[in-house]
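One structure is given here, and the rest of the page talks about it.
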Ligand code: F6R
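Residue numbers (this note's numbering): 615 to 874.
See below:
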């Protein structure tokens with residue numbers, strides 16, 4: 615796992631956007647795995663800027679989102695459909711038919727989840743998956759105790775996640791308690807994973823995920839099993855890492871870089 619510690623949120627977002635753009639330059643028809651939440655907003659803004667100012671092209675791209683709340687229609691302002699449209703899709707040139715987001719309103723969740731998994735395989739798998747991390751260490755909505763081999767499925771959200779997400783709703787009771795989420799096993803099949811985290815509220819979960827044991831209690835720790843996972847952090851989110859100096863030494867002294 616590579617750990618990149620950036621001075622600020624803006625630097626972190628730019629570094630992660632460069633990683634996504636590099637995948638697109640190498641493979642214009644790449645399949646991107648998308649995340650929602652406050653963390654990737656800066657990354658999406660930077661990709662939109664690259665699209666407008668540098669001609670970064672999304673016309674052959676396909677996307678799969680990690681998750682969606684159950685019970686919210688795509689028009690609901692707190693749905694992840696709405697979030698993705700407002701913050702990213704309406705600003706770039708991804709063909710709408712290439713956009714996949716789990717349905718929060720299907721009447722057959724099991725069949726939907728199986729279809730979602732099948733579609734990912736049919737398009738050749740996800741090239742780069744963007745991830746955030748919950749304060750309980752979750753990736754997507756794989757809450758503590760989720761199998762590290764889990765697939766896309768219906769999940770009950772943990773109370774800390776409901777509390778964290780209540781800030782977006784008028785009242786806590788409005789936060790859905792179920793979601794459809796890609797599984798940890800689904801996520802681990804992406805060719806490359808990038809996890810972003812900022813702010814001191816994430817520092818503990820980040821330290822557990824990066825330096826703790828691999829455990830289903832912190833599903834982000836499964837990134838340790840992936841051969842191409844990079845964690846992008848701002849200084850606050852990196853604050854509880856014991857090996858901070860080591861990660862910075864590695865960054866400065868990558869093979870091929872002049873010795874400093
Ligand atoms: C969202 C998702 C979640 C979030 C996580 C952090 O699609 O998969 O795992 O990444 O809950 O959320 P924020 O970024 O709002 O702190």
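Built from N, CA and C at the ideal position, the CB exists for glycine as well.
All of these numbers come straight from a predicted model, not from anything done at the bench.
| What distance in whole Å lies between the Cβ atoms of residue 751 and residue 833, which are believed to be in contact at a cut-off of 8 Å? | Yes, they are in contact, since the Cβ atoms of residue 833 and residue 751 sit about 6 Å apart, within 8 Å.
| For the region 775-851, which segments carrying the beta strand (DSSP E) assignment without a break, of at least 3 residues, lie completely within its bounds, in sequence order? | Runs of the beta strand (DSSP E) lying entirely within the region 775-851 and spanning at least 3 residues, in chain order: 792-795, 806-811 and 843-848.
| request: Could you tell me whether any non-hydrogen atom of the ligand F6R is closer than 7 Å to the CB of residue 783? | output: Answer for residue 783: no, Cβ out of range of the ligand F6R.
| Taking the runs of the alpha helix (DSSP H) that are 4 residues or longer, which of them lie wholly in the region 696-747? | Positions of the alpha helix (DSSP H) runs, each at least 4 residues long and wholly inside the region 696-747, are given as 723-736 in order along the chain.
| message | Can you find the residues in the same chain that come closer than 7 Å, C-beta to C-beta, to residue 747, ignoring five residues on each side of it along the sequence? | response | If the five residues before and after residue 747 are omitted, its C-beta is found closer than 7 Å to the C-beta atoms of 753, 809, 811, 816, 819, 820, 823 and 834, all from its own chain and listed in chain order.
| task | Inspect the beta-carbon positions of residue 638 and residue 680 and report whether they are closer than 8 Å. | result | Contact flag unset, no.
| request: Go ahead and label residue 579 buried or exposed: buried means 16 or more other beta carbons lie within 10 angstroms of its beta carbon, across all protein chains shown. | output: The displayed coordinates of the chain run from 615 to 874. Any statement about residue 579 would go beyond what the structure contains.
| task | Report the partner residues of residue 648 according to the DSSP bridge assignment. | result | Its beta-bridge partners are 679.
| query | From residue 713 to residue 703, what does the alpha carbon distance come to, in whole angstroms? | reply | So the alpha carbons of these two residues sit roughly 9 Å apart.
| field | Start-to-end residues for the beta strand (DSSP E) that takes in residue 616 | value | Segment 616-620, the beta strand (DSSP E) holding residue 616.
| said: Tell me whether residue 623, by its Cβ, gets closer than 7 Å to a heavy atom of the ligand F6R. | reply: Flag unset: Cβ of residue 623 not near the ligand F6R.
| task | Kindly indicate which three-state DSSP category residue 768 falls into: helix, strand or coil? | result | Three-state DSSP puts residue 768 in a strand.
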